[in-house]
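Colleague: From first to last, the protein sequence lines are chains U and S. Quick note on numbering: my numbering labels position 87 of the first sequence as 91, and the sequence is numbered without any gaps. Quick note on numbering: my numbering labels position 17 of the second sequence as 21, and the sequence is numbered without any gaps. Using N, Cα and C, we set each Cβ at its ideal position, and we do this for glycine too.
Number of protein chains: 2
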Amino acid sequence: MSERETNALIGSDKVDGTAVYGADQKKIGSVERVMIDKLSGKVAYAVISYGGFLGMGEDHNPTPWSNLKYDTNLGGYLVNLTKDQLEKAPK
Amino acid sequence: MSERETNALIGSDKVDGTAVYGADQKKIGSVERVMIDKLSGKVAYAVISYGGFLGMGEDHNPTPWSNLKYDTNLGGYLVNLTKDQLEKAPK
C-alpha cells in the first residue's frame, strides 16, 4: 500500500512534478498538479506549468489526462503539442 | 489555471498531506497520495498513512475516494471509521 506505482495505477505524488515533453521531444515544462472532480473522483485535467524562472512568470495550461502518454525513454509525459503551440494557446 | 481548488475540483497537491479524521472526530492520519488509474484517469483509492514517528513505522490504508468527506470545521477529511478500526484492518 505504500507503493507509488503499480501496472495499472500511479500515485498523485509521482505524477506531480513529472517532466512534460512536446511532440518534438523537447521538454515543455512539468505537471504541476492534476485536478480531481470532488464528486466523481475523476481527473478532470492535468495542469502543465511552463516558462518562468524560479517560480516567477510561470504559465499554466490545462490538458486532458488522456493526452499525457508516459514515455519511458524520455522519463516523462509526451504530449501532442509543441512549446510554441502551448505559448500561443489562449489563456 | 493556477488555482488549487474550485467549487467542483481539487488539486492533487492540495489533497496530498491533508489531515484525516475518524468517525469520532479524532485525527487518524493524513492522505499520503491518491492512486490514479492510468487509463481511465479515475482515482482508484486514497492512501491514508497513520501511526509511526518521523516517517518510520507508518502504516497505510487504502480507502475509496468517495469515503473522504471534507469537513470545513475540522479542516480535513472525515472518514467513517475510527483509528482503532484502522489499526485492526487487514494489511
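#1: Which one or two residues does DSSP pair with Ser34 of chain U in a beta bridge?
#2: Smallest Cα separation from Ile14 of chain S: which of U:Val47, U:Asp17, U:Ala27, U:Lys31?
#3: Taking C-beta pairs closer than 8 Å, name the residues in chain S that Val24 of chain U reaches, listed in chain order.
#4: Nearest to Asn11 of chain S by CA position, among U:Lys30, U:Met39, U:Phe57, is which residue?
#5: Give me the residue from S:Ser34, S:Lys30, S:Ser70 with the minimum Cα distance to Gly45 of chain U.
#6: Looking at chain S, is there any beta carbon in it that lies within less than 9 Å of the beta carbon of Ser34 of chain U?
#7: Using the Cβ count rule (16 or more neighbours within 10 Å means buried), how would you classify Asp28 of chain U?
#8: Expressed to the nearest angstrom, what Euclidean distance is found between the alpha-carbon atoms of Arg8 of chain U and Val51 of chain S?
#9: Have a look at Asp75 of chain S and Thr86 of chain S and give me their C-alpha separation to the nearest angstrom.
#10: Kindly list the residues whose CB is nearer than 6 Å to the CB of His64 of chain S, restricted to its own chain and excluding five residues on each side of it in sequence; keep chain order.
#11: Thinking C-alpha only, which one of S:Ser16, S:Lys30, S:Ser34 is nearest Thr22 of chain S?
#12: Rounded C-beta distance between Arg37 of chain S and Asp17 of chain U? I'm assuming under 8 Å.
#13: Under 7 Å between beta-carbons, which chain S residues line up against Leu13 of chain U? List them in chain order, please.
#14: Between Ala93 of chain S and the rest of its own chain, which residues show a CB-CB distance below 7 Å, the 5 nearest in sequence each way excluded?
#15: Looking only at C-alpha atoms, which of U:Asp41, U:Lys73, U:Gly55, U:Thr67 sits nearest to Leu43 of chain S?
#16: If you drop the 5 nearest sequence neighbours on each side, which residues of the same chain put their C-beta closer than 7 Å to that of Pro68 of chain S?
Modeller: Here's the rundown:
#1: Mapped onto the first sequence, residue 34 of chain U falls at position 30. Answer is U:Ala23, U:Ser53, bridged to Ser34 of chain U.
#2: Here residue 14 of chain S refers to the residue found at position 10 of the second sequence. For Ile14 of chain S, the nearest C-alpha among the options comes from U:Val47.
#3: For this step, residue 24 of chain U is matched to residue 20 along the first sequence. By Cβ distance, chain S contributes nothing, its closest Cβ being about 14 Å from Val24 of chain U, past 8 Å.
#4: Position 7 of the second sequence, counted from the start, is the residue given in the question as residue 11 of chain S. It is U:Met39.
#5: By 1-based counting over the first sequence, the position of residue 45 of chain U is 41. Nearest of S:Ser34, S:Lys30, S:Ser70 to Gly45 of chain U, Cα basis: S:Ser70.
#6: Position 30 of the first sequence holds residue 34 of chain U. With 9 Å as the cut-off, Ser34 of chain U does not count as an interface residue toward chain S.
#7: Stepping through the first sequence from its first residue, residue 28 of chain U is reached at position 24. Exposed, since its Cβ has fewer than 16 Cβ neighbours within 10 Å.
#8: Sequence index remark: in the first sequence, residue 8 of chain U carries index 4 (1-based). Sequence index remark: in the second sequence, residue 51 of chain S carries index 47 (1-based). Each residue's alpha carbon lies about 10 Å from the other.
#9: Here residue 75 of chain S refers to the residue found at position 71 when the second sequence is read from its first residue. Here residue 86 of chain S refers to the residue found at position 82 when the second sequence is read from its first residue. Roughly 16 Å separates the two Cα atoms.
#10: To locate residue 64 of chain S, count along the second sequence from 1; it is residue 60. Excluding sequence neighbours, His64 of chain S sits near Val51, Ser53.
#11: Position 18 of the second sequence, counted from the first residue, corresponds to residue 22 of chain S. The shortest Cα separation from Thr22 of chain S among S:Ser16, S:Lys30, S:Ser34 belongs to S:Ser34.
#12: Stepping through the second sequence from its first residue, residue 37 of chain S is reached at position 33. Stepping through the first sequence from its first residue, residue 17 of chain U is reached at position 13. At roughly 4 Å, the Cβ-Cβ gap stays under 8 Å, so Arg37 of chain S and Asp17 of chain U are in contact.
#13: On the first sequence, position 9 is the one that residue 13 of chain U refers to. Near Leu13 of chain U (Cβ distances below 7 Å), the residues of chain S are Met39, Ile40, Asp41, Lys42, Ala48.
#14: Taking the first residue of the second sequence as 1, we reach residue 93 of chain S at position 89. Hits under 7 Å: Asn65.
#15: What you label residue 43 of chain S is simply residue 39 of the second sequence in a count that begins at 1. The shortest Cα separation from Leu43 of chain S among U:Asp41, U:Lys73, U:Gly55, U:Thr67 belongs to U:Lys73.
#16: For the purposes of this step, residue 68 of chain S is taken as residue 64 along the second sequence, with counting starting at 1. Tyr49.
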